[in-house]
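Residue numbers (this note's numbering): 1232 to 1605.
We put the CB at the ideal spot given by N, CA and C, even for glycine.
Report on the following structure.
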């Protein structure tokens, strides 16, 4: 029985000879060429002599250049798992229309890490999402996907336990998409995440996901307690007043706001102490926006996003750069055991080495005065 293109797989034992090439040249029908394309994957992985191998590559090149999308799509499906596909053919198909490119982007072993990184920088998010699902994703490729991809791509990557994602990339993913439930929850279910990431995640995910983190991550229970039980300590440290030890950070910030004590120095002092969660909650309550929205804007790599939420919160305009640098220092020194004075010194160094735009240069004196008074 002759296989049709819709039957999906080529029969094992398909052989190559010069008549196949002749048929490709002479047969005007796309259906006939698609049938050859479907047979090719099985034939490629057989033991071929040099003549047969040369014929196979000639056929591959012809089919990869075929004017009919269906023929190229049949070829991509047929050869997607073959380790014998020449790299130049895989590259050509990977940059084709989605129907052709997707099987190659997701499965082809012929594409190198260099190829995939370059492709991810050029293609759209649907293609990146395919790359994120590959059986093996290197650290460098993961970092590129997080940098270039959208929420769906990064969620796929985090769900892919064959993806090697280093701590810096996990941090960057949370900075970029921490306000999106899907990314944070997918990250929480990864087989291994560092404690520093677990501590960030417990402030982002729902209670049932926190249980998953506690179950799988050593030391994460301590992190959950630290997030959920720190409100009273924060209040006492920042204002000198005691608070209920069971208050969470949000309750503490609400109390300070209601009492008119959620001032710029209090919030900045919290940041210099390293309390990023307190700062995020202060932004949200002061701006009147959901916590996740405030968090997403505060950590967005685009400085205009930070400026927007900062302005909406009504914090002092002349201190905006100081707050942004304080947030950066707090994140960089998280869990490093630094004292308040050590973080304050780092913040001063960062401020003095930051080139301010002309319209903000006049605020330097005010920022130095504020920092000195903390």
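Exercise. With DSSP collapsed to three states, give me the class of residue 1394.
Key: strand
Exercise. Return the residue from the list 1430, 1271, 1298 and 1490 that minimises the CA-CA distance to residue 1289.
Key: 1271
Quiz item: Under the rule that 16 or more other beta-carbon atoms within 10 Å means buried, what is residue 1575, buried or exposed?
Solution: buried
Quiz item: Would the region 1320-1329 and the region 1341-1349 be scored as touching if the rule is three or more Cβ pairs under 8 Å?
Solution: yes
Exercise. Kindly give me the distance between the Cβ atoms of residue 1358 and residue 1388, rounded to whole angstroms, as I take these residues to be in contact under 8 Å.
Key: Going by Cβ atoms, the distance from residue 1358 to residue 1388 rounds to 13 Å, so no, they are not a contact pair.
Quiz item: Under a Cβ-count criterion, where at least 16 other Cβ atoms within 10 Å of its own Cβ denotes burial, should residue 1570 be classed as buried or exposed?
Solution: exposed
Quiz item: Between the region 1510-1521 and the region 1489-1502, do at least 3 Cβ pairs fall closer than 8 Å?
Solution: yes
Quiz item: Do the CB positions of residue 1316 and residue 1268 come within less than 8 Å of each other?
Solution: no
Self-check item: Segments of 4+ residues assigned as alpha helix (DSSP H) that fall wholly inside the region 1305-1347
Solution: 1318-1325 and 1329-1338
Quiz item: How should residue 1573 be labelled, buried or exposed, when 16 other C-beta atoms within 10 angstroms of its C-beta is the threshold for buried?
Solution: exposed
Practice problem: State the DSSP-derived secondary structure class of residue 1520, mapped to helix, strand or coil. | Solution: coil
Quiz item: What are the boundary residues of the alpha helix (DSSP H) that residue 1358 is part of?
Solution: 1356-1362
Quiz item: When we look at the beta-carbon of residue 1243 and count the other beta-carbons within 10 Å, is it buried (16 or more) or exposed?
Solution: Only weak support exists for where residue 1243 lies, its pLDDT of 38 falling under 50; the value from the coordinates is given anyway. That one is exposed.
Quiz item: When burial is assigned at 16 or more other CB atoms within 10 Å of the CB, is residue 1535 buried or exposed?
Solution: exposed
Self-check item: Three-way DSSP call (helix, strand, coil) for residue 1367 in this model
Solution: coil
Quiz item: Does the Cβ of residue 1518 have 16 or more other Cβ atoms within 10 Å, making it buried, or fewer, making it exposed?
Solution: buried
Quiz item: The alpha helix (DSSP H) with residue 1272 in it runs from where to where?
Solution: 1261-1275
Quiz item: At what residues does the alpha helix (DSSP H) containing residue 1494 begin and finish?
Solution: No alpha helix (DSSP H) holds residue 1494; DSSP gives it neither H nor E.
Exercise. Can you have a look at residue 1646 and say buried or exposed, based on whether 16 or more other CB atoms are within 10 angstroms of its CB?
Key: Summary: the structure shown does not reach residue 1646, with the chain confined to residues 1232 through 1605, and so no result is reported for it.
Quiz prompt | Own chain partners of residue 1352 with C-beta closer than 8 Å, once the 5 adjacent residues on each side are dropped | solution = 1375 and 1379
Quiz prompt | Start and end residues, alpha helix (DSSP H) containing residue 1424 | solution = First-last for residue 1424: undefined, no H or E at that position.
Quiz item: According to the Cβ coordinates, are residue 1423 and residue 1395 closer than 8 Å?
Solution: no
Exercise. Express the C-alpha separation of residue 1282 and residue 1354 in angstroms, rounding to a whole number.
Key: 36 Å
Self-check item: Classification of residue 1334 by the beta-carbon crowding that lies within 10 angstroms, buried from 16 upward
Solution: buried
Quiz item: What first and last residue would you give for the alpha helix (DSSP H) that runs through residue 1538?
Solution: 1534-1544
Quiz item: Whose C-alpha, out of 1411, 1390, 1426 and 1398, is nearest the C-alpha of residue 1418?
Solution: 1390
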